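J.: Quick one: this structure, given as structure tokens, is what I'll be asking you about.
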Amino acid sequence: MILKRRLQAFSPNIARSRSPAHILPMRCVVARIVVVVRNKRLPGERGGVSVRCFIPSSFLFWRADGRALELMADDDFDGLPMYVEEDQEEVEAEKQKRRQQSRQPPPPRVTPEELARREFNRAMARKLIEYDPKLGDSYYTRVWFLDFTKVDIDEETQYGPMRYTDSIIREGHELIDSLNMLCVKIISSDVGYPISLYGTVILRDSLDLKCNYIFRRDRDNCQHINSQGESLILTGPSRGVVFRGNAFFEIDLKIREGRECDDKQFNKALIDVVGSQIRSVVQRETVDSWRSEVELIFAYVKKALEGTIEIKILSGPESFCGKITARTTDVSSHTLLYDSDVHGAITVGDDRVIQLLRRVVSVADITGA
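Be aware that the sequence shown starts at 1, since it is given in the UniProt record's numbering, and climbs by one per residue.
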């Protein structure tokens, strides 16, 4: 067995000194002696076990040559355990950890440019916090975690549909989950009906976190809501939604009054859709904000393919009156693509293709590809 004694001194002089010779003559200190008993590792054993024995603190009187003149034990540390087992492997792992930390380079110095960038992002994020009088609280109304020195928060997504129409799904290619926007329904209005609504509903996904509008109307093109339960006429998304765990909805709807300065905020909120919290195919998110309650209904599509729809009139009149909807086999809700009763008959162009409100639907891959 190997016996080792450690002296842990509570004196500033001893703490700074590596040798008793540096301690002032006749210096009186309080010390704790720790005796560590270590087993030698035997063949086939994982490691030794150390036992620390704490001797009560003592008064040590030091002579000028640094030798201990007298050792007197007291009972100040009766509450300390006499033995503490110490695993040899844990001790070596801790030593190795300290050695690795000592070899690590110091953290890079933050440049003035980086400090300015951080401050700009913090200032921009603060502007996105608004007070909601209905809830009596302040919250973010738009995504706040972007690097605003590189990204314009109002920039529209540059990706469109049919990017991979001619691609072939090969072995090793993985399909990504998606969302289908079914409707945005007006559940209640604190100002009654009818009302004229304008504004935006934006969907941001994992592809680029840029604006993918599902509803966008300016003040001169309001949608009239006459009763409770009516839905907004959606015009997006413009491409399939890439859902890698998170998606964000930004709602900003206003009520048009006689003068623009008298317009009122109808609903404004930020909704974070977390994939791990999805429990069913059809999801509903209710937003109670400002002067209304709005419900977003969307469908979760696992391992999705992007379907792009085009309808061409082969023969007949130059305009089409009627309604066109689409649905998937796993969701009974219909997605409105075209309704002449809502927005009037749209004249077919020279190529006789109907201008749809929406032309992209995500569908689940049922082939197991």
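Where is the CB? At the ideal position from N, CA and C, for every residue including glycine. Only a predicted model underlies this, so the values are computations on that prediction, with no experimental measurement involved.
Pull up the CB-CB distance for Thr335 and Pro161, whole angstroms please, since I reckon it's below 8 Å.
T.: As a first step, residue 335 is located in the sequence shown; it is residue number 335 there, counting from the start. As a first step, residue 161 is located in the sequence shown; it is residue number 161 there, counting from the start. Not really, about 14 Å apart at Cβ, beyond 8 Å.
J.: Secondary structure at Asp350, three-state DSSP: helix, strand or coil?
T.: Taking the first residue of the sequence shown as 1, we reach residue 350 at position 350. Of the three classes helix, strand and coil, the one that applies to Asp350 here is coil, per DSSP.
J.: Which residues in the same chain have their Cβ closer than 7 Å to the Cβ of Pro12, if we skip the five residues on either side of it in sequence?
T.: By 1-based counting over the sequence shown, the position of residue 12 is 12. The pLDDT assigned to Pro12 is 41, lower than 50, so where the model puts this residue is not dependable; a value taken from the coordinates is nonetheless given after this. Nothing listed; no residue qualifies.
J.: If you reduce the DSSP assignment to three classes, tell me which class Val342 lands in.
T.: To locate residue 342, count along the sequence shown from 1; it is residue 342. Note: Val342 maps to helix in three-state DSSP.
J.: Classify Met181 as helix, strand or coil using the three-state DSSP reduction.
T.: Mapped onto the sequence shown, residue 181 falls at position 181. Strand at Met181.
J.: How far does the alpha helix (DSSP H) with Glu114 in it extend, from its first residue to its last?
T.: In the sequence shown, residue 114 corresponds to position 114, counting from 1. Note, Glu114: alpha helix (DSSP H), 112 to 127.
J.: Output yes or no for whether 8 Å exceeds the beta carbon distance between Val282 and Ile186.
T.: If you number the sequence shown from 1, residue 282 lands on position 282. If you number the sequence shown from 1, residue 186 lands on position 186. No, Cβ-Cβ distance for Val282 and Ile186 is not below 8 Å.
J.: Is Cys211 helix, strand or coil by DSSP?
T.: Position 211 of the sequence shown, counting from 1, holds the residue named residue 211. Cys211 falls in the strand class under three-state DSSP.
J.: With DSSP as the reference, label Glu318 as helix, strand or coil.
T.: The residue you call residue 318 lines up with position 318 of the sequence shown. Note: Glu318 maps to coil in three-state DSSP.
J.: My assumption, with CB atoms under 8 Å, is that Ser362 sits in contact with Val191. Please give the rounded CB distance.
T.: For the purposes of this step, residue 362 is taken as residue 362 along the sequence shown, with counting starting at 1. For the purposes of this step, residue 191 is taken as residue 191 along the sequence shown, with counting starting at 1. About 35 Å; that fails the 8 Å criterion.
J.: Mind checking who Ala93 pairs with in its DSSP beta bridge?
T.: Walking along the sequence shown from the start, residue 93 turns up at place 93. Ala93 pairs with nothing; no bridge assigned.
J.: Would a C-beta distance cut-off of 8 Å place Phe243 and Ser189 closer than the cut-off?
T.: Along the sequence shown, read from residue 1 onward, the residue named residue 243 stands at position 243. Along the sequence shown, read from residue 1 onward, the residue named residue 189 stands at position 189. Going by C-beta atoms, Phe243 is not nearer than 8 Å to Ser189.
J.: In whole angstroms, what separates the C-alpha of Ile354 from that of Asp339?
T.: If you number the sequence shown from 1, residue 354 lands on position 354. If you number the sequence shown from 1, residue 339 lands on position 339. For Ile354 and Asp339, the distance between alpha carbons rounds to 11 Å.
J.: Looking at Phe298 and Leu197, is the spacing between their C-beta atoms short of 8 Å?
T.: Along the sequence shown, one-based indexing puts residue 197 at 197. Along the sequence shown, one-based indexing puts residue 298 at 298. Cβ distance not < 8 Å, so Leu197 and Phe298 don't count as in contact.
J.: Look up Arg98 in the DSSP assignment and say whether it is helix, strand or coil.
T.: Within the sequence shown, numbered from 1, the residue matching residue 98 stands at position 98. Note: Arg98 maps to helix in three-state DSSP.
J.: Report the residue from Gly229, Tyr164, Tyr131 whose alpha carbon sits nearest the alpha carbon of Glu306.
T.: Locating residue 306 in the sequence shown gives position 306, counting from the first residue. Comparing Cα-Cα distances from Glu306 to each of Gly229, Tyr164, Tyr131, the minimum goes to Tyr164.
J.: Is Ile366 helix, strand or coil when you go by DSSP?
T.: For the purposes of this step, residue 366 is taken as the residue at position 366 of the sequence shown. Coil, per DSSP.
J.: Give me, in chain order, the residues of the same chain whose beta-carbon lies closer than 6 Å to that of Ile313; leave out the 5 immediate sequence neighbours on both sides.
T.: Reading the sequence shown from its first residue, position 313 is the one you call residue 313. Val348, Arg352.
J.: First and last residue of the beta strand (DSSP E) that includes Ile255?
T.: Against the sequence shown, residue 255 aligns to sequence position 255. First-last of the beta strand (DSSP E) with Ile255: 246 to 255.
J.: Under 8 Å, do Ile225 and Ile195 count as touching if we go by C-beta distance?
T.: Here residue 225 is taken as the residue at index 225 of the sequence shown, counted from 1. Here residue 195 is taken as the residue at index 195 of the sequence shown, counted from 1. In this structure, Ile195 lies closer than 8 Å to Ile225 by Cβ.
J.: With a threshold of 8 Å, are at least 3 pairs of Cβ atoms found where one atom belongs to the stretch 312 to 330 and the other to the stretch 135 to 154?
T.: As far as the Cβ criterion goes, the stretch 312 to 330 does not touch the stretch 135 to 154, which means the pair count is below three.
J.: Considering Tyr159, what are the terminal residues of the beta strand (DSSP E) in which it resides?
T.: Taking the sequence shown and counting its residues from 1, one reaches residue 159 at position 159. It is not in any beta strand (DSSP E) - Tyr159 carries neither H nor E in the DSSP assignment.
J.: Does Gly199 pass the burial test, meaning 16 or more other C-beta atoms within 10 Å, or should it be called exposed?
T.: Taking the first residue of the sequence shown as 1, we reach residue 199 at position 199. Buried, by the Cβ-count rule.
J.: Using three-state DSSP, classify Arg284 as helix, strand or coil.
T.: As a first step, residue 284 is located in the sequence shown; it is residue number 284 there, counting from the start. Strand, per DSSP.
J.: Taking the C-alpha atoms as reference points, what is the distance between Gly260 and Gly275?
T.: Stepping through the sequence shown from its first residue, residue 260 is reached at position 260. Stepping through the sequence shown from its first residue, residue 275 is reached at position 275. Note on identity: in this sequence residue 260 is Glu, with Gly being the wrong assignment. For Glu260 and Gly275, the distance between alpha carbons rounds to 39 Å.
J.: Going straight from the alpha carbon of Asp350 to that of Asn121, what length do you get?
T.: Here residue 350 corresponds to residue number 350 of the sequence shown, with the count starting at 1. Here residue 121 corresponds to residue number 121 of the sequence shown, with the count starting at 1. Taking the straight line from one Cα to the other gives about 48 Å.
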